[in-house]
Amino acid sequence: NAGVTQTPKFQVLKTGQSMTLQCAQDMNHNSMYWYRQDPGMGLRLIYYSASEGTTDKGEVPNGYNVSRLNKREFSLRLESAAPSQTSVYFCASRWGTADEKLFFGSGTQLSVL
Amino acid sequence: EDQVTQSPEALRLQEGESSSLNCSYTVSGLRGLFWYRQDPGKGPEFLFTLYSAGEEKEKERLKATLTKKESFLHITAPKPEDSATYLCAVQAGGAQKLVFGQGTRLTINP
Chain R
4 NAGVTQTPKF QVLKTGQSMT LQCAQDMNHN SMYWYRQDPG MGLRLIYYSA SEGTTDKGEV
64 PNGYNVSRLN KREFSLRLES AAPSQTSVYF CASRWGTADE KLFFGSGTQL SVL
Chain G
-15 EDQVTQSPEA LRLQEGESSS LNCSYTVSGL RGLFWYRQDP GKGPEFLFTL YSAGEEKEKE
45 RLKATLTKKE SFLHITAPKP EDSATYLCAV QAGGAQKLVF GQGTRLTINP
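Chains R and G supply the protein sequences, listed in that same order. Read in our numbering, the first sequence has 99 at position 96, and its numbers run on one by one without any break. Read in our numbering, the second sequence has 79 at position 95, and its numbers run on one by one without any break.
Below, the structure written as structure tokens:
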């Protein structure tokens, strides 16, 4: 099984450019999440989707938008990239209940110049 | 506000030298405490979930324990392949998100 698949793995943007990070899971999970990881900061939640058709803000949503395209896919969009958005982005999913483990993708390393 | 603090930030051990990693937390209504392992360039990989104080779980050379304020990840006779960053996270009751600590970077020298 592929699990959680993220694309692209690496991306370099110029300030002001836009891009979409793609995420797909093949485990029939209901809930999907986008985190960013910065040195010394731990993983911080950007947005999540508790179920198909719903999305909610996490800790650090400013500058991002999300789309839950269907049960499998959850995309993260940067409309106008800023250097502060340089980070490693992880998509994760789980069946749905709050005491269940998350399954993570392998990450997207994004640099904004 | 839910918070997780891990210590130390980095730990270097010799192969076979046992030690413990600490995860202190404050959370309103703990639903679960999670330990993950993260290798460089990869996403976190699940290790354990602990639900209540006094609970312990083991996997190979790793044992996780939980009290009302902290969790420990004990590593017994580690090997170089145990080198990784270990992440702790808590799930509060009624919340959708996991709150992560900043991680402990563990290096095991042969």
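Where is the CB? At the ideal position from N, CA and C, for every residue including glycine.
Distance from the CA of G/Pro94 to the CA of R/Asn68, rounded to the nearest whole angstrom, comes to 46 angstroms. For R/His32, no beta strand (DSSP E) segment is defined, and its DSSP state is neither H nor E. Within the stretch -7 to 15 of chain G, Glu(-7) and Arg15 place their CB atoms closer than 9 angstroms to a CB of chain R, listed in sequence order. Not a single CB atom of chain R sits nearer than 9 angstroms to the CB of G/Leu90. Here R/Met22 is bridged, per DSSP, to R/Leu81.
When 8 angstroms is used as the limit between beta carbons, R/Gly56 is near no residue of chain G, the shortest such separation being about 15 angstroms. Relative to R/Ser52, the option among R/Asn73, R/Thr111, R/Asn65 and R/Gly108 whose CA is nearest is R/Asn73. Inter-residue distance for R/Thr57 and G/Glu(-1) is about 48 angstroms (C-alpha atoms, whole angstroms). Identification of residues in the stretch 30 to 63 of chain G having a C-beta nearer than 8 angstroms to some C-beta of chain R yields Phe30, Thr33 and Tyr35, given in sequence order.
Cβ-Cβ separation between G/Ala73 and G/Tyr20: approximately 7 angstroms, consistent with a contact (criterion under 8 angstroms). For R/Asp41, the secondary structure class from DSSP, reduced to helix, strand or coil, is strand.
Residues of chain R with a Cβ closer than 9 angstroms to the Cβ of G/Gln80 are, in chain order, Ser34, Tyr36, Leu48, Tyr51, Ala53, Asp59, Gly61 and Ala101. Within chain G, the residues whose beta carbon sits less than 8 angstroms from that of R/Lys104 are Phe18, Phe30 and Thr33, listed in sequence order.
Judged by DSSP secondary structure, G/Trp19 falls within the beta strand (DSSP E) whose first and last residues are Leu14 to Gln22.
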